[in-house]
Amino acid sequence: MQPTTSPPVSESPAQLVGRGVGEIDTPALVIDLDAMKRNIARMAEFANKHDIRWRPHAKMHKSAELARMLLEAGAHGVCVQKAAEAEAMAAGGVRDIYISNEVVALRKLARVAQLAHRLDADKGRLAIAVDSVEGIRRLAQAMQDTRAQHKSEATIDVFVEIDVGQGRCGVEPGPAALVLAREIKEHPALRFAGLQAYHGRAQHVRSAKERREIISVAVQDVIHTRQLIEAEGMPVELVTGAGTGTMVCEAASGVYGELQAGSFLFMDADYAANERDPAQPQFEHALFVKTQVMSVHADHAVCDAGHKSHAIDSGLPKVLTVGTESELEYLNGGDEHGILKPARGGTRVPALGRALWLIPGHCDPTVNLHDHMIGVIGGLRDGIVEKIIRVDARGAGT
Ligand SMILES: Cc1ncc(COP(=O)(O)O)c(C=O)c1O
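If you read the sequence shown in our numbering, its first letter stands for residue 50, the second for the next number, and so on.
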């Protein structure tokens, strides 16, 4: 029997390149590349002005291509949160990586040590955070094993994490951090690189004044801890920390030498709800979920993007309003649906088939739901698809 040729079930994303935005099927994760590049330029300018290094967090975009773009714009390296994210970045050509998180499982530490060795051999660098003596000893053992295996002298940079008020990882500022710095110095494969002082909870405190107050306390904790450690003859070369919400405070502190902010690249709806600090660069939304109206009713419409398309931990997405369009509110419709209602007493529901753009509440877990992001230039109305950006570290959770 003659084989029949059936039409392709779905197009490969690469086929979209060069085509109009209107041809992007929904739901899809789309980057407005023009807006993203403006965000990068503003961040680079801010860091230059404050003479501070920036090491944007790749936990957010999870893409080696975007990490390379940030490095070309002047970023000092990347932060990641997981060993597997570090491996994905290294596989994509990034050679200066900081795991800004604790790793204690022996199985994972063996991978961390192998990666430290590979990057060292490639004139790159791996760094990691610690908050326990046991964690330091395990890391040191893994590094020793790898050194013996490769007959090398590779080292890894180690940052002592202090808890400046987040109540997550990190030891108390002060003597507890000194104990860890001393322990690091005991191990030839470990290099004491400084302190990590990141205050996650402060990032989404809405009031700019309150964020400043919180970080000023963190700065005092850092100064005190640094003095204690340096009094024992151990230089604290670098203090690293900060997210998009507080970076202006750490940058102005004179104490932090490196900013880890990551979300400035895409600016999600939750960050946009913060009162903007006057010193903060004007970052724009650059990440959207394109969706389409699939069902229309007297008082609401339904679109095809639910929480399999965007994370809802930091609130539901906002619907982008363009020009004189009437505002729409997005309500939870479940896994595959979103309910759209006219906002603020409006009456018009969107027409069947209409395309809409959602601004995700939280960019990090939204990106992790997608295999790729569609990069568009020329705007969301008339633009074209320039490139497909892979989410290399999607699901890289170990
Ligand atoms: C340790 C650490 N540094 C930096 C960041 C980046 O913050 P943001 O993406 O909010 O700018 C995070 C985010 O959770 C983090 O956990």
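All C-beta atoms, glycine included, are put in the ideal place defined by N, C-alpha and C.
Only a predicted model underlies this, so the values are computations on that prediction, with no experimental measurement involved.
Legend entry - Start-to-end residues for the beta strand (DSSP E) that takes in Leu-377: 377–381
Legend entry - Terminal residues of the alpha helix (DSSP H) in which Cys-413 lies: Looking at the sequence provided, one finds Asp at residue 413 rather than Cys. Note, Asp-413: alpha helix (DSSP H), 412–416.
Inset, instruction - Would you be able to state if there are at least three C-beta pairs under 8 Å between the stretch 307–316 and the stretch 269–286? - result: no
Legend entry - As assigned by DSSP and simplified to three states, the class of Ala-217: Correcting the residue type first, residue 217 is Arg in the shown sequence and not Ala. In this structure, Arg-217 counts as coil in the three-state DSSP scheme.
Inset, instruction - Decide if the stretch 323–331 is in contact with the stretch 348–358; the criterion is three or more beta carbon pairs, one per stretch, under 8 Å apart. - result: no
Legend entry - Distance cut-off 6 Å: Tyr-247 Cβ against heavy atoms of ligand 1: yes
Inset, instruction - Tell me whether Gln-309 counts as near ligand 1, meaning its Cβ is closer than 6 Å to at least one heavy atom of that ligand. - result: yes
Legend entry - Residue from Ile-438, Ile-423, Val-440 whose Cα sits closest to the Cα of Gly-432: Ile-423
Inset, instruction - Using 10 angstroms around the beta-carbon of Met-50, count the other beta-carbons present and answer buried if the total reaches 16, otherwise exposed. - result: Confidence is the limiting factor: at Met-50 the pLDDT is only 48, short of 50, which leaves the residue's position unreliable and the question unanswerable from this model.
Legend entry - Proximity below 7 Å, CB of Glu-286 to CB of Gly-216: At a Cβ-Cβ threshold of 7 Å, Glu-286 and Gly-216 do not count as neighbours.
Legend entry - Whole-angstrom distance between Ser-375 and Gly-394, CA atom to CA atom: 10 Å
Inset, instruction - Look at the alpha carbon of Ile-185 and the alpha carbon of Gln-130, and state the distance between them as a whole number of angstroms. - result: 17 Å
Inset, instruction - Rounded to whole angstroms, what's the CA-CA distance from Gly-427 to Val-254? Just pull it up for me. - result: 34 Å
Inset, instruction - Entirely within the stretch 307–377 and at least 3 residues each: give me those beta strand (DSSP E) ranges in chain order. - result: 336–345, 350–352
Legend entry - Identified DSSP bridge partners for Cys-128: His-106, Tyr-147
Inset, instruction - Along the beta strand (DSSP E) that carries Gly-184, what are the first and last residues, could you check? - result: Run containing Gly-184: none in the beta strand (DSSP E); it sits in the alpha helix (DSSP H), 182–199.
Legend entry - Ala-226 beta carbon less than 7 Å from that of Phe-241: no
Legend entry - Meets three-Cβ-pair contact criterion under 8 Å: the stretch 83–94 and the stretch 368–388: no
Inset, instruction - Entirely within the stretch 60–101 and at least 4 residues each: give me those alpha helix (DSSP H) ranges in chain order. - result: 82–98
Inset, instruction - Keeping to the same chain, check which residues put their C-beta closer than 6 Å to that of His-386; ignore five residues upstream and five downstream. - result: Val-351, Gly-355
Inset, instruction - Name, in chain order, the residues that DSSP records as bridge partners for Lys-390. - result: Answer by DSSP bridge pairing, in chain order: Glu-378.
Legend entry - Close beta carbons around Val-127, own chain, < 6 Å, minus the five adjacent residues each side: Ala-107, Ala-116, Met-138, Val-143, Ile-146
Inset, instruction - Work out the CA separation of Thr-75 and Ala-197 for me, nearest whole Å. - result: So the alpha carbons of these two residues sit roughly 52 Å apart.
Inset, instruction - Quick one: which unbroken beta strand (DSSP E) runs of 3-plus residues sit fully inside the stretch 236–260? Chain order, please. - result: 239–245
Inset, instruction - Give the C-beta separation of Pro-62 and Ile-437 to the nearest angstrom, bearing in mind that I take them to be a contact with Cβ-Cβ under 8 Å. - result: 4 Å
Legend entry - Distance cut-off 6 Å: Ser-312 Cβ against heavy atoms of ligand 1: yes
Legend entry - Own chain partners of His-248 with C-beta closer than 6 Å, once the 5 adjacent residues on each side are dropped: Val-213, Gly-214, Gln-215, Ala-267
Inset, instruction - Kindly examine ligand 1 and report whether one of its heavy atoms sits closer than 6 Å to the Cβ of Thr-340. - result: no
Inset, instruction - From the DSSP output, read off the bridge partner residues of Arg-439. - result: His-421
Legend entry - Closest by C-alpha distance to Leu-380, when choosing among Val-434, Leu-401, His-349: Measuring from the Cα of Leu-380, the nearest candidate turns out to be His-349.
Legend entry - Helix, strand or coil at Arg-397 according to DSSP, with G and I counted as helix: coil
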